[in-house]
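A short write-up of the structure that comes next.
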Amino acid sequence: MSRYLSRRYERLTPYTPGEQPADMGKVIKLNTNESPYPPHEAVAKAAAVSAAGLNIYSKPEWSELKKELGDIFGLEEEQVFLSNGSDEALNFAFMAFASDEAPLVFPDVTYGFYKVFADLNGIPYEEIPLGADFSLNPEDYMKPGRTAVIANPNSPTGRCLPVSEIERIVKACRDNVVIVDEAYGDFCGESAISLIRDNENLLVTRTFSKSGSLAGGRLGFALGSRELIDDLNRIKYSTNPYNVNSMTAAAGLATVRNADYYREKCRKIAETRETTDAALKKLGFTTVESGANFIFASSDRMSGEELYRRLRDRGILVRHFDSERLSDYLRISIGTEEQMEAFLNAVEKILEEK
Ligand SMILES: *Cc1c(COP(=O)(O)O)cnc(C)c1O
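Going by numbering that gives the first Met the number 0, the residue at position 81 of the sequence shown is 80; the numbering climbs one at a time, nothing skipped.
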């Protein structure tokens, strides 16, 4: 920290991303919930074509992409906000809708970035403990005067809240925005997007990073009423009008136009998740039922930290969280069938060696 850093940021603890190893050659990467499958071949082509025009500023609007995204969900172009990863949409939404008068509330076990964005923007927040089984009690979020943020499915647990429960929360908090982070929505089958039509205070964020095999492209979006999207645009045009670059927008459009390819990959990942879950249970693990592309699991034969380290020694990266409540657990992203076989074999050997 230099002596010039504004005092506003002195106490800020930045988000810690999962490791991105420099040499990916031998590593089996199951730590940041990326898709193990490459983008559709049309995506690289579209990005390359677009690269030829990089001397021109990217369009601030990207109407075509917004329109096609809107069509998928039965919404107007004006109800779609594009962002540089959904992290940016979340940050903008916190800036736009949360404040001293409408502090943030989110679970004690959830996406680590919520706290960071709250601190970055000086917004107070309250963490509400999840149940012992990591379940969320909707009643906890139904008090007015607060801005609720709910990841559904949640991370790192993978648990889903039924959309009917989201609806109760949204209706109970009419004077505040409810932000539903559906980064893993494509793996879960249920979505709050259908509630947008009747609920002007609901904002849903989504990302191409996980189900769209585009984590490196940085493309996310938010869906909501025209008024909420207008508010997000107010922040965007005061920060970075060109937040989505040309190559990424072209890649996103090619992704949307090849939806069948991605649907099939999501189906495959969900299938691999179920076989992995069953195999982990056979090895004595406790797992949380997941509606996402990862499994949250713990073994009473070895601490999460030790298992994490031993897997790492074998070139397999999973995610371990330091906090006391989560220290027994590992979050394991679902890779290809072959990757998960290698992972399970390694776990078995590690437990045997002990
Ligand atoms: C991955 C993730 C995001 C954001 O990812 P982007 O790559 O910025 O789109 C948001 N919320 C949750 C819960 C996530 O796991």
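Using N, Cα and C, we set each Cβ at its ideal position, and we do this for glycine too.
How many Å lie between Thr-285 and Leu-310 at the Cα?
-> Cα atoms of Thr-285 and Leu-310: separation of roughly 18 Å, rounded to the nearest angstrom.
With 16 as the cutoff for other CB atoms within 10 Å, does Arg-423 come out buried or exposed?
-> No statement about residue 423 is possible, as the shown extent of the chain runs from 0 to 353 and does not include it.
Near Asn-32, what residues of its chain come up, given a Cβ to Cβ distance below 7 Å and the 5 sequence neighbours on each side ignored?
-> Excluding sequence neighbours, Asn-32 sits near Lys-209, Asn-292, Phe-293, Ser-332.
Enumerated in chain order, which unbroken segments of the alpha helix (DSSP H) with a length of 4 residues or greater are wholly contained in the stretch 102-137?
-> Entirely contained in the stretch 102-137, the alpha helix (DSSP H) runs reaching 4 residues are, in chain order, 112-119.
Go ahead and pull the three-state DSSP assignment for Asp-70.
-> In the three-state DSSP reduction, Asp-70 falls in the helix class (H, G or I).
Does the Cβ of Asn-239 lie closer than 7 Å to at least one heavy atom of ligand 1?
-> Outside the cutoff, so no.
Can you tell me the Cα-Cα spacing of Phe-287 and Met-23, whole angstroms?
-> Inspection of the sequence shows that residue 287 is occupied by Val rather than by Phe. CA-CA distance, Val-287 to Met-23, rounds to 29 Å.
To the nearest whole angstrom, what separates the beta carbons of Asp-38 and Leu-213, a pair I think is in contact under 8 Å?
-> Just to set this straight, residue 38 is Pro in the shown sequence, not Asp. With 8 Å as the limit, Pro-38 and Leu-213 qualify as a contact, their Cβ atoms being about 6 Å apart.
Roughly how many whole angstroms lie between the Cα atoms of Tyr-241 and Lys-58?
-> Each residue's Cα considered, the two are about 7 Å apart.
When Val-162, Ser-154, Pro-161, Cys-172 are compared against Arg-145, the one with the closest alpha-carbon = Measuring from the Cα of Arg-145, the nearest candidate turns out to be Cys-172.
Distance, Ser-297 Cα to Lys-66 Cα | When rounded, the distance between both Cα atoms is 43 Å.
Can you tell which of Lys-235, Phe-186, Asn-198 has its C-alpha closest to the C-alpha of Gly-211?
-> If we check each option's Cα against that of Gly-211, Phe-186 comes out closest.
Can you list, in chain order, the residues of its chain whose CB lies under 7 Å from that of Glu-347, leaving out five sequence neighbours each side?
-> Contacts found: Leu-282.
Does the Cβ of Arg-330 have 16 or more other Cβ atoms within 10 Å, making it buried, or fewer, making it exposed?
-> Under this definition Arg-330 is a buried residue.
For ligand 1, is there a heavy atom less than 7 Å away from the beta-carbon of Asn-32?
-> Between ligand 1 and the CB of Asn-32, the shortest heavy atom gap is smaller than 7 Å.
Lys-28: first and last residue of the uninterrupted alpha helix (DSSP H) it sits in = Not the alpha helix (DSSP H): Lys-28 falls in the beta strand (DSSP E), residues 27-29.
Report the partner residues of Ala-221 according to the DSSP bridge assignment.
-> Under the DSSP definition of a beta bridge, Ala-221 partners with Phe-80, Thr-204.
From the DSSP output, in three-state form, read off Arg-330 for me.
-> Reduced to three states, the DSSP call for Arg-330 is strand.
Glu-87 to Glu-337, Cα distance in whole Å?
-> C-alpha separation (whole angstroms): 34 Å.
Output the residue ranges of the alpha helix (DSSP H) runs that lie fully inside the stretch 231-273 and measure 4 residues or longer, sorted by chain position.
-> As far as the stretch 231-273 is concerned, its whole alpha helix (DSSP H) runs of at least 4 residues are 245-255.
Out of Phe-93, Ser-326, Glu-9, Thr-335, which has the shortest C-alpha to C-alpha gap to Thr-156?
-> The closest CA to that of Thr-156, considering only Phe-93, Ser-326, Glu-9, Thr-335, is found on Ser-326.
Looking at the structure shown, is Leu-282 part of a helix, part of a strand, or coil, going by DSSP?
-> Under the three-state reduction of DSSP output, Leu-282 falls in the coil class, being neither helix nor strand.
In three-state DSSP terms, what is Met-0?
-> Of the three classes helix, strand and coil, the one that applies to Met-0 here is coil, per DSSP.
To which residues does DSSP link Thr-146 through a beta bridge?
-> In DSSP, Thr-146 forms a bridge with Leu-103.
One or two residues paired with Val-317 in a DSSP bridge | In the DSSP output, where bridge partners are listed per residue, Val-317 has Leu-29.
When a residue counts only if its C-beta is closer than 5 Å to some heavy atom of ligand 1, which residues count, in chain order?
-> This criterion selects Gly-84, Ser-85, Asp-86, Tyr-110, Ala-150, Ser-154, Asp-180, Ala-182, Thr-206, Ser-208, Gly-219.
Between Arg-167 and the rest of its own chain, which residues show a CB-CB distance below 6 Å, the 5 nearest in sequence each way excluded?
-> Around Arg-167, the same chain offers Pro-137 as residues with beta carbons nearer than 6 Å, after the five sequence neighbours per side are excluded.
Give a yes or no on contact between the stretch 243-251 and the stretch 107-122, applying the rule of three or more CB pairs nearer than 8 Å.
-> Verdict: no, contact absent.
Identify the residues that DSSP records as bridge partners of Ile-178: which are they?
-> For Ile-178, which the question treats as bridged, DSSP gives the partners Val-148, Leu-202.
Look up Ile-294 in the DSSP assignment and say whether it is helix, strand or coil.
-> Here Ile-294 carries a strand assignment [DSSP, helix/strand/coil].
What are the partner residues of Met-301, as DSSP defines its beta bridges?
-> According to DSSP, which records beta bridges pairwise, Met-301 is partnered with Ser-298.
What number of angstroms, rounded off, separates the C-alpha of Ile-234 from the C-alpha of Lys-264?
-> Going from the Cα of Ile-234 to the Cα of Lys-264 covers about 35 Å.
Since Val-176 and Asn-200 are thought to touch, with beta carbons under 8 Å apart, how far apart are those beta carbons, to the nearest angstrom?
-> Between Asn-200 and Val-176 the Cβ distance is about 5 Å, and since that is below 8 Å, they are a contact.
Would you check if the distance between the CB atom of Gly-251 and the CB atom of Leu-218 is smaller than 8 Å?
-> Yes, the Cβ-Cβ distance between Gly-251 and Leu-218 is below 8 Å.
Ile-178 and Phe-80: beta carbons closer than 8 Å?
-> No, Cβ-Cβ distance for Ile-178 and Phe-80 is not below 8 Å.
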